[in-house]
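For the protein sequence lines, the chains are E and U, in the order given.
Following the working numbering, the numbering of the first sequence begins with 1 at its first residue and continues without gaps.
Following the working numbering, the numbering of the second sequence begins with 1001 at its first residue and continues without gaps.
Idealized CB from N, CA, C, for every residue including glycine.
Quick notes on the structure that follows.
There are 2 protein chains.
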Amino acid sequence: MAIGKAGQRAIPFVENLGNLQLTHALLSVDYVIHYKIPSESRAEAEANFTELIEALTKVGLATEVRNGNDSSLLIFVKVASERYLATQIYRERVQDWLYGVRTTSPEKDVSKAFRDEPVTDAERLRLVYLLVTKPKNEGGAGITPKVGQWKHVASIFPLHNHAFNRQWIKQWSSKYVLDEKDLHQIRDKFGESVAFYFAFMQSYFSFLLVHAAFGFGTWIIVGQYSWLYAFGNSLWTIVFFEWWKKKEVDLAVQWGVRGVSRIQHPRTQFKWDHEAADPVTGEPVKVYSPTKRLKTQLLQIPFALACFLILGAVFLFCFSIEIFLSEVYNGPLKTYLVFTPTIILTGALPVLSTILGNFAEKLTDAENYRTNDAHHAALVQKLFFINFITSYIPLFLTAFVYMPFGNILVPYLDIFRITAEKFSSENAITTESFQINPDRLKKQTIYFTVTAQIVNLALELIVPYVKRQAFKEVEKVQSKITQKEANGKASIGDVPEEHAFLERVRNEAELDIYDVTTDYREMIVQFGYLSLFSVAWPLTPVSFLINNWVEMRSDAMKIAVSSQRPIPWRADSIGPWLNALGFLSWLGSIVSSAIVFLFNSDTHGPCGEPWNISAWGLLFSIFCAEQIFLGTQYAVRYILGQIDSPGLQKERAHRFSMRKQLLEESLGPEATERLVPPTVQYGEKITREALENEARRMSVSGAIGSPEHAFWQRQQGLDETVQVGRKLISQTASGNQTSKN
Amino acid sequence: MAIGKAGQRAIPFVENLGNLQLTHALLSVDYVIHYKIPSESRAEAEANFTELIEALTKVGLATEVRNGNDSSLLIFVKVASERYLATQIYRERVQDWLYGVRTTSPEKDVSKAFRDEPVTDAERLRLVYLLVTKPKNEGGAGITPKVGQWKHVASIFPLHNHAFNRQWIKQWSSKYVLDEKDLHQIRDKFGESVAFYFAFMQSYFSFLLVHAAFGFGTWIIVGQYSWLYAFGNSLWTIVFFEWWKKKEVDLAVQWGVRGVSRIQHPRTQFKWDHEAADPVTGEPVKVYSPTKRLKTQLLQIPFALACFLILGAVFLFCFSIEIFLSEVYNGPLKTYLVFTPTIILTGALPVLSTILGNFAEKLTDAENYRTNDAHHAALVQKLFFINFITSYIPLFLTAFVYMPFGNILVPYLDIFRITAEKFSSENAITTESFQINPDRLKKQTIYFTVTAQIVNLALELIVPYVKRQAFKEVEKVQSKITQKEANGKASIGDVPEEHAFLERVRNEAELDIYDVTTDYREMIVQFGYLSLFSVAWPLTPVSFLINNWVEMRSDAMKIAVSSQRPIPWRADSIGPWLNALGFLSWLGSIVSSAIVFLFNSDTHGPCGEPWNISAWGLLFSIFCAEQIFLGTQYAVRYILGQIDSPGLQKERAHRFSMRKQLLEESLGPEATERLVPPTVQYGEKITREALENEARRMSVSGAIGSPEHAFWQRQQGLDETVQVGRKLISQTASGNQTSKN
């Protein structure tokens, strides 16, 4: 039996890894496949496992199998032949060039190509992952975790490079600002997709520095609800959004991934109508009728309505109870009852969000996108909508329902009292007279921008840790039980020198899969608070500045410690979130101006004036704010457009020099030279050669003596033309003089 | 003397030209330089003329000189050596490729290149024009008409191809819709710049077909001022604008001029601060500080304000007088007095427009743009602003001042009565009681969209003709006088067989220079009426449909008959007008909705309700309309974005196949093949070769016996892995079973 053949030297693996820098060092393991052994149908599982190993071997991957935790196997995968991988990488680079992602074609000499552009960890891991997961007809092994035939494959993950991670976290926690080099490092290890997230965070953070100073200044000088802050805030969101759009392209160019979204990985679940030739490459592609898809997409409208109604109703209900309990109700148990809405929300919201989220996923599946990117973008859009409602509705209700209509609506809340009285036997419910609490919006904003952020951060860091610890404990207990019974589980079978390494891998197999979407979502929602409601509390950017410094490090920690190493996907943008950013920035101009109008005590006391005039003013402020927003956006875009991005410039220069080189290769160096002065001899009308050619041509076509020939032969050479011209001039001049006299 | 040498055969030139298709046929004349002989300083004129001929000869151009009309010379220019021109054209094509305008590099074999892509008239003429006008240090003769040293050069123009023009006009006047081929023909003869104008016209015309049907339908069913029409109209402008943006790119790709605006011709008048290397090509370029320019650009704000105030004041004044005279005043001479405002406007407007236009030009000069394109765009922007005010203010005044505030404001018009009474001795001025005329907006709209269009068209066609005829008469008389006195003018000296040809050229020399900007301006202003005010009269698109059918033909006539043949410039878009189009489309949503709200009798009787509620509703309609506009625009853009443009697709396919070919040339055909299945033999874990390599590598690095080696050697080959795995599975399974029991 293979496990028996133990190596002689028992080296403590993990410690030793500290000195090694590459993935290679992790015992050359490229990927680990976590295979859950089903508790039933042993024969089927064995057959399935055999197929798995065969599929992997077929595409040139070497495998080793070890015991995992909790009835699972760990299949270690590495590329059997480095040379084969090199060919794959080289082909990928060639393909990039074919699709216009790279500006320069890779070196002809393969070994020189790899010397000039060494293979990064991310590039290697991405290709191996594709090799494992691509469909068989495209040269992959077709292993798709959790789906169909491979439902027992729980996950496929690369191993963390602990040495790098440790150094990374250490470095980041001791510096204030990340530079290009740091981002480059992330890109090399975790791929452009993750690197873009951190680049975005870094840009956002830098911009927040300015905004925090501005916010703090206005808070001290003019206080809350000021037009000045609303304008500055809107301007800031515009500049940030437009600037990031440029920065994003620039980064994509620098990282050599611009347009990489065009090379898209097809979705395995895609159902097609027919095949057609790709108009660009001529390869057959699967086509699904876009009108059919459009019809499915139209379902988004009822879906959005449903989301809005369901979540809106829950919020409105809780909001009403809350107002009633906290500001009207004065009966028994008030101290406890005020928590009712919070309890309802805490209970209902996650459940509803999950249900609606699943529904969104189903809807997106039905829309049947061809590529993973399109599918993801469509899903993100829907999730953003749900998030938008859950995050901002409480504040909207306070700003636009509670404040202006509070006095009118609160009497209706008596329904709660009546209901309560019916159920309560004591009939001892008393109410206070209602007074609108003008600080409610500010308090809520502070809650969402400080308290909630801190709680979130804590949850993100602590919960996974606690979960992991608890899990381990449970497992230990379980294992002990199983050990006693089966006497042959997991680590027991390990060869001593592999033990530490395998334990580590078993730990990583239990970790969560890192999803950068979650982190983006958090940031975009935060940006929304800033853009929409920060006018209620100008210190919001200061709070976010501090929060994001920590957030960035904690996200790094999350990747390094509490998640499996992410698959290093490529990306050339923050993708669908960009639209969300633009939308929030636009909406911010409207909402901010409306809030300032309603709450600014200079304009008028809150709700002191009759409804219709107030409404006129409100509409007018909103309308003006929007026009100013659109105008400013146009201007900012224009001004930023004037500034050339270094990345794009570099790209153009690259393309130019590449074309020039190609031209020189094929046409000789003079082809691209500046125009040389013509070879006409001075004083001669036509070159001798040209004359001869002309004569030949004319004699062939019988054109000598033609009107054309006669016309052009009247003045032979420069001197004659000059003479004739001078004569004509002097004639005219003398003519003029005669007529004058 | 050269003129004496007459050819023997006296062929009637012009008639004969009917059979020849190319510019070559026009006696091979490429350009004619119209040189005005100054009446004073004969010696200087002679020296200047000599320099001109020398400069032309130096760059390889052959010249002939003849007498022109009215103390002028006609200098005929042709390229001396066709081969030299061919090199120039080939270089231009190579340059296009270098800058990414062409997707494919020109053929290496020059003669094959010209066979594959024959030189069009436009291409030839453009290059010869550049040869004549480019600065000397860039290899041109540096002849710039009317400027500096060459102030006596009145114009440089190519000769019309009468045969083609005749056929062109005949063809167009007998067909309803222009197709791609027609546009292609225009492009070949007059260059992309003119072709884009006609392409735009054609697209606009086709879209108007739909809109006219819709407008006619709504007019019959719901009449004027309907929400339905306002929405349909807005939707139409959005779809047209977004569609044209795509179409434009598509045409540019098809015509091989995409991105040609990047290869820009420097302005001769540009003043630079310093030179720097172009980041893309590395060539030295002249730089002017953008902040300095921005400072000058800020002057646009006071300029715009001034334009608005001056023109606005004139309009308001005339408008008030008009209202007073036509609807209040009832005294003597009313029939004549009502024309006062029209007379004032007709007198003052052109003068003011010209003054402001000149000012705009000066401002643009001061902004000091590096390229002709940038200069032109900046100028067009300012002219558009002036045009906007002059064209739409009367309608704005009627819709938003006269209608809602008429009752309030008209009493103030009594000032006119009082003034008039002071001056009049009779004291017999009577006034009617004022009644708002609800049809005024509609009547004005009809005036601007029908009457004014027809007048314009007539002016465009008839005025130049009359002007030309009158000119000719004057000249004939003048010539007769001069003839008698000087006895040696113009046509008198002609060789008989050249006479007809020279007379024709003399005629063309007197024609106007065709400026496509004027035609664009007319169309954009028209589009503005449609987008902003057509809701007042839904038959507007019908009127425009008819008008534009004629307009397109009359523009063709204008080019063919009453203008010099235009220099065939290239362009890749309708340029700065695109922004104007987008702006008008956006503004249209707001203005239309406001008009409908104010005038629609369903919403409320005109001005019957108190001001504040009306204003609230107005603002609300405008606000909603704008949101709907933005939303619809976003949706239309998204949907149109889903449709791939055939031109872009072709371009991508071109690029792809070009890269593929290059790759195959340099790497061999297998480089671009699909991934071949790996060379790992089935059942073997690692290829023999790979194993050997591995062994070699390991023995070199002393890695045999390393933990890595040990780890991967435990299970040698697929079979062992499978065996071990199966064993582990069965253990687990039995373990599970044991634990279950």
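- The continuous alpha helix (DSSP H) containing Glu522/E extends over residues Val516 to Phe533.
- If you draw a straight line from the Cα of Ile1343/U to the Cα of Cys1307/U, it is about 21 Å long.
- Ranked by Cα distance from Ile1037/U, the first of Ala1062/U, Pro1464/U and Leu1073/U is Leu1073/U.
- In the three-state DSSP reduction, Phe1207/U falls in the helix class (H, G or I).
- If you keep only unbroken beta strand (DSSP E) runs of at least 3 residues inside the segment 97 to 183 of chain E, you get 153 to 157.
- Sequence-ordered contacts of the segment 37 to 53 of chain E with chain U read Ile37, Ser39, Arg42, Ala45, Glu46, Phe49, Thr50 and Ile53 [C-beta pairs closer than 8 Å].
- Nearest to Phe400/E by C-alpha distance, out of Met523/E, Asp109/E and Ile590/E, is Ile590/E.
- Between the beta-carbon of Arg440/E and that of Thr398/E there is about 5 Å, and that keeps the pair under the 8 Å contact cut.
- In this structure the segment 1557 to 1575 of chain U touches the segment 1453 to 1469 of chain U; the number of beta carbon pairs closer than 8 Å is three or more.
- For Pro266/E, the closest C-alpha among the options Thr133/E, Gly493/E, Arg102/E and Leu379/E is that of Thr133/E.
- For Asp1512/U, DSSP records a beta bridge to Ser1563/U.
- Chain U has no Cβ within less than 8 Å of the Cβ of Ala55/E.
- Fewer than three pairs of CB atoms, one per stretch, sit closer than 8 Å, so the segment 248 to 255 of chain E makes no contact with the segment 224 to 238 of chain E.
- Not a single C-beta of chain U is nearer than 8 Å to the C-beta of Gly148/E.
- Pairing Glu283/E with Trp1243/U, the inter-Cα distance amounts to about 29 Å.
- If you look at Val596/E, you'll find it in the alpha helix (DSSP H) that goes Trp577 to Phe599.
- Pro1576/U is a Cβ neighbour of Gln1381/U, given a cutoff of 8 Å.
- Taken in chain order, the members of the segment 1093 to 1111 of chain U whose beta-carbon sits within less than 7 Å of a beta-carbon on chain E are Val1094, Trp1097, Leu1098, Gly1100, Ser1105 and Lys1108.
- For Pro284/E, no alpha helix (DSSP H) run applies; the uninterrupted beta strand (DSSP E) run containing it begins and ends at Pro284 to Val287, by DSSP.
- For Phe359/E, the closest alpha carbon among the candidates Gln224/E, Ala378/E and Ser645/E is that of Ala378/E.
- Three or more pairs of CB atoms, one per stretch, sit closer than 8 Å, so the segment 175 to 186 of chain E contacts the segment 197 to 214 of chain E.
- With contacts defined by Cβ atoms closer than 8 Å, Glu1275/U and Val1285/U form a contacting pair.
- In this structure, Thr87/E is the residue among Thr87/E, Glu138/E and Leu502/E with its C-alpha nearest to the C-alpha of Lys108/E.
- For His265/E, there is no enclosing beta strand (DSSP E), as DSSP marks it with neither H nor E.
- As computed with DSSP, Ala276/E is found in a beta bridge with Val285/E.
- For Phe620/E, the chain U residues whose Cβ falls inside 8 Å of its Cβ are Leu1619, in order along the chain.
- Inclusion of Val79/E and Ile33/E in the CB contact set at 8 Å is not warranted, their separation being larger than that value.
- Excluding sequence positions up to five before and after Leu1228/U, its CB lies within less than 7 Å of the CB of Thr1218 and Val1222, all in the same chain and listed in chain order.
- Distance from the Cα of Val474/E is smallest, within the candidate group Leu345/E, Asp70/E and Lys443/E, for Asp70/E.
- For Phe623/E, at least one C-beta of chain U is nearer than 8 Å to its own C-beta.
- By the rule that beta-carbons nearer than 8 Å mark a contact, Lys660/E touches chain U.
- Contact check between the segment 1405 to 1417 of chain U and the segment 1315 to 1335 of chain U: three or more CB pairs, one atom from each, fall below 8 Å, which counts as touching.
- Going by C-alpha positions, Asp30/E is about 12 Å away from Glu1708/U.
- If you check the CB distance, Phe448/E and Tyr520/E do not come in under 8 Å.
- In this structure, Arg1659/U is the residue among Glu1503/U, Ser1353/U and Arg1659/U with its C-alpha nearest to the C-alpha of Leu98/E.
- Taking Leu581/E as reference, the option from His375/E, Lys245/E, Leu345/E and Asn456/E with the minimal CA-CA separation is Lys245/E.
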